[in-house]
Structures are given as C-alpha cells and as structure tokens.
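Asker: Input: one structure, supplied below.
Number of protein chains: 2
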Amino acid sequence: MPEQNATVPNWLNPVEMKAWRSYIIASRRLLEALDNDLEGHDLSMPDYEVLAALSDAPDRKMRMSELAEIGLLSRSRLSHRMKVMEKAGWVKREACPSDKRGYFAVMTPKGWKAIVSAAPAHVESVRLRFLDHLSKEDQASLFVIFSRMEEAFRGESSCE
Amino acid sequence: MPEQNATVPNWLNPVEMKAWRSYIIASRRLLEALDNDLEGHDLSMPDYEVLAALSDAPDRKMRMSELAEIGLLSRSRLSHRMKVMEKAGWVKREACPSDKRGYFAVMTPKGWKAIVSAAPAHVESVRLRFLDHLSKEDQASLFVIFSRMEEAFRGESSCE
DNA sequence: GATAAGTAGTTGAAGGTTCAACGTCTTGGC
DNA sequence: GCCAAGACGTTGAACCTTCAACTACTTATC
Numbered sequence: 100m101p102e103q104n105a106t107v108p109n110w111l112n113p114v115e116m117k118a119w120r121s122y123i124i125a126s127r128r129l130l131e132a133l134d135n136d137l138e139g140h141d142l143s144m145p146d147y148e149v150l151a152a153l154s155d156a157p158d159r160k161m162r163m164s165e166l167a168e169i170g171l172l173s174r175s176r177l178s179h180r181m182k183v184m185e186k187a188g189w190v191k192r193e194a195c196p197s198d199k200r201g202y203f204a205v206m207t208p209k210g211w212k213a214i215v216s217a218a219p220a221h222v223e224s225v226r227l228r229f230l231d232h233l234s235k236e237d238q239a240s241l242f243v244i245f246s247r248m249e250e251a252f253r254g255e256s257s258c259e
Numbered sequence: 100m101p102e103q104n105a106t107v108p109n110w111l112n113p114v115e116m117k118a119w120r121s122y123i124i125a126s127r128r129l130l131e132a133l134d135n136d137l138e139g140h141d142l143s144m145p146d147y148e149v150l151a152a153l154s155d156a157p158d159r160k161m162r163m164s165e166l167a168e169i170g171l172l173s174r175s176r177l178s179h180r181m182k183v184m185e186k187a188g189w190v191k192r193e194a195c196p197s198d199k200r201g202y203f204a205v206m207t208p209k210g211w212k213a214i215v216s217a218a219p220a221h222v223e224s225v226r227l228r229f230l231d232h233l234s235k236e237d238q239a240s241l242f243v244i245f246s247r248m249e250e251a252f253r254g255e256s257s258c259e
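Residue numbers (the numbering used here), protein chains in the order written: chain A, 100 to 259; chain B, 100 to 259.
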C-alpha cells in the first residue's frame with residue numbers, strides 16, 4: 100500500500116488487514132473450489148443456482164426477471180445463459196399469457212435429472228469447503244454479520 | 100432443492116442454509132460494490148491488486164509469476180491483463196537478467212500516481228462495505244475462520 | 001555435456017460477461 | 001382513448017477469462 104496523506108487516509112491496521120486479506124483470499128478460493136467440484140456434473144455455479152431456483156418454484160417455472168433476481172444475475176446475462184441451457188436441454192422458454200412482454204423459464208425433465216444428480220455432491224461440497232470450518236456458533240454469527248452486510252447493499256444491486 | 104435419497108444426502112438444515120445463503124449473497128455484493136467504488140479511478144479490483152502488490156515490492160517491481168500468485172490470477176490472465184495495463188502506461192515489462200525466461204513487471208510513475216490516488220478511497224470502501232459491519236471480536240473470529248478455510252485450500256489452487 | 005523433464009511466460013481461440021441500444025408491451029396521467 | 005414513461009427480455013459488440021498449445025530457457029540426471 101502506498102503512503103499518502105492528503106486528507107490523512109485511515110489505513111487498515113494489522114488486525115483489519117488480516118481479517119480482510121484472509122476473507123478475500125478464502126472467499127475466492129471457495130468459489131473456485133465449488134465451481135470445480137460442480138464441473139464433474141457439467142454445471143457452473145450460476146447454472147446450478149438457476150436450476151436450483153427453478154426446481155423449488157411451483158411447476159418448476161419462473162419468470163425470467165424473478166429468476167435473474169434470485170440467481171444474482173443481470174437480465175442480460177441470464178438471457179445469454181438461457182440460450183446455452185436451452186440448447187443443453189435443461190430448460191425451455193414459454194411465453195407468459197398475462198404479460199405479453201414476459202417469458203417463463205421452465206425446467207425440463209432433463210434439467211430436473213441434471214440437478215437431482217448434481218445436488219447431493221454440491222451440498223456435500225458446501226459442507227466440506229465451508230460449513231465444516233464453522234461451529235454452530237460460528238454459523239449463527241456469520242449469519243448475523245453477513246445478513247447485516249447484505250442489508251446494507253439492498254437497493255444498490257448492480258444486477259438490476 | 101430437489102429431494103432424493105440414493106445415499107441419503109444430508110441436506111442443509113435451516114441454520115446452515117441461512118448461513119450459507121447470507122454468506123454467498125453478501126460476498127458477491129461486496130465484490131460488486133468494491134469494483135464499482137473503484138470504477139471512478141478507472142481500475143478494476145484485479146488491476147488494483149496488481150498495482151498494490153507492485154507498490155509494496157522492492158523497487159516496485161516483481162516477477163510475473165510472483166505477482167500472479169499474490170494477485171490470485173492465473174499466469175495467462177496476468178499476461179493478458181499486463182498488456183492492457185502496459186498500454187495504459189501503469190506498468191512495463193523488463194527482462195530478468197538472471198533467468199532469461201523470466202520478466203519483471205515494473206510499476207511506472209504513472210502507475211504509482213494511479214494507485215496513490217485510488218488507494219484512500221478503496222480502503223475507505225473496504226471499511227464501509229466490510230469492516231464497519233464487524234466488531235473487533237468479529238474481525239478476530241473472521242480471521243480465524245477464513246484462515247482455516249484458506250489453509251484447507253492450500254495446494255489445490257487452480258490459478259496455478 | 002546431452003538429454004529429459006520441468007518452469008516462465010505468451011498466445012489465440014472459444015466461451016462468458018457487460019453494456020448500451022432496441023422492440024415490445026404495460027401502466028399511469030390526463 | 002392517448003401518450004409518455006417505464007418494465008420485460010433480447011441482441012450484438014466489446015471486453016475479459018480460460019484453456020490448451022507453444023517457445024524459450026533452466027534444472028536434474030546420467
């Protein structure tokens with residue numbers, strides 16, 4: 100970090116620095132590892148999340164925009180991704196009768212099979228890579244901390 | 100999440116689920132927000148980290164591979180990124196005399212100016228978006244948790 | 001000291017993501 | 001009803017990342 104003191108910047112002290120660095124490194128590695136673990140099932144994390152969201156939805160279908168929101172994807176990104184997932188046969192699109200601008204993403208039986216076969220391994224991987232490092236108390240306090248953070252971001256989401 | 104019980108998958112219980120979801124959502128938003136905050140200085144997070152690492156190195160220069168490791172970038176990605184950063188005038192490359200395969204990434208005065216002007220705002224943004232949500236004790240326990248996670252990933256880094 | 005194996009770094013192609021612009025439809029105000 | 005403003009979703013272009021292949025050099029082994 101360069102030093103400078105135009106308005107006396109308030110650099111991170113060693114404790115803060117360590118917290119921040121360990122967080123940033125571990126969180127990247129975590130995402131990487133989860134993605135790798137999923138690769139065996141030919142799924143990426145975003146694809147998995149889209150399928151997981153659909154699998155929980157009534158009739159396994161959901162409006163594009165809702166899906167984008169849940170999956171933390173921009174509309175555009177979801178749209179591009181859907182083209183690929185549709186080609187893979189996991190989902191299809193269906194016009195929405197009540198709003199003619201809208202579409203439903205609908206999970207196909209093949210998509211269902213894909214997520215059913217990937218889910219146990221993915222959950223296992225979330226445990227192994229994340230939850231297993233946390234005691235019950237850690238889990239509770241992480242939840243508090245990150246909910247607070249999440250709350251703070253509410254309203255300025257950049258994936259619309 | 101679909102249900103299935105081939106080998107009785109051990110789904111997440113509500114506490115685990117909440118910890119996991121809040122973590123994954125907040126951590127994505129955090130990265131997004133930090134990137135946005137940096138945008139005003141025409142830097143992305145990876146660029147910032149590369150410059151920050153260089154600015155701390157002796158002579159503000161560093162071997163490409165070391166830089167890649169610190170910045171959590173693959174060699175290839177760093178190489179591509181360097182081309183851009185070089186064009187922007189922040190860094191240049193310099194052959195390594197002792198190992199003729201190797202290169203140094205060297206920070207230019209312009210690069211120094213860029214990071215000096217971005218750093219205070221970035222640090223402020225790390226505080227605002229992350230550290231401010233954490234008490235001293237939270238910081239310490241996060242550090243313990245994520246160091247442990249980081250440790251577990253050691254050796255299977257996919258950015259070589 | 002020759003050779004095999006490994007390391008440093010780059011490259012191009014394939015694929016993913018973002019951004020701004022667009023067409024289509026809905027909604028609210030008059 | 002009409003019109004402006006907004007929401008839904010898609011598109012293409014620009015950009016970024018990954019992956020595998022490659023060159024050039026170094027190291028280890030014999």
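Every residue, glycine too, gets a C-beta built ideally from N, C-alpha and C.
Nearest CA to the CA of residue 168 (chain B): which residue from B:152, B:157 and B:183?
Answerer: Out of B:152, B:157 and B:183, B:152 has the C-alpha closest to the C-alpha of residue 168 (chain B).
Asker: Chain B partners of residue 143 (chain A), CB-CB under 7 angstroms?
Answerer: The contacting residues do not exist; residue 143 (chain A) stays about 14 angstroms from chain B at best.
Asker: Measuring CB to CB, does residue 111 (chain B) end up less than 9 angstroms from residue 222 (chain A)?
Answerer: Cβ distance < 9 angstroms, so residue 111 (chain B) and residue 222 (chain A) count as in contact.
Asker: Taking the alpha helix (DSSP H) that residue 151 (chain A) falls in, what are its first and last residues?
Answerer: Start and end: 144–155.
Asker: Does the region 212–219 of chain B touch the region 115–130 of chain B, meaning 3 or more C-beta pairs lie closer than 8 angstroms?
Answerer: No: the two stretches stay apart, fewer than three of their Cβ pairs being nearer than 8 angstroms.
Asker: What's the call for residue 234 (chain B), buried or exposed, on a 16-neighbour Cβ count within 10 Å?
Answerer: Per the 10 Å Cβ criterion, exposed.
Asker: Opposite residue 192 (chain A) in the DSSP bridges: which residues?
Answerer: In DSSP, residue 192 (chain A) forms a bridge with A:204.
Asker: Examine chain B for any beta-carbon lying closer than 9 angstroms to the beta-carbon of residue 182 (chain A), and answer yes or no.
Answerer: For residue 182 (chain A), the answer is no, since every Cβ of chain B falls outside 9 angstroms of its Cβ.
Asker: Kindly indicate which three-state DSSP category residue 160 (chain B) falls into: helix, strand or coil?
Answerer: Note: residue 160 (chain B) maps to strand in three-state DSSP.
Asker: Which chain B residues are close to residue 117 (chain A), counting only those with a beta carbon under 7 angstroms from its beta carbon?
Answerer: Within chain B, the residues near residue 117 (chain A) are 242.
Asker: When you check each C-beta in the region 149–183 of chain B against every C-beta of chain A, which residues fall closer than 7 angstroms?
Answerer: Those would be 151, 154, 155 and 171, in chain order.
Asker: Is it the case that the region 128–139 of chain B contacts the region 176–186 of chain B, given that we only count it when at least three CB pairs across the two stretches are under 8 angstroms?
Answerer: Judged by Cβ distances under 8 angstroms, the region 176–186 of chain B makes no contact with the region 128–139 of chain B, as fewer than three pairs qualify.
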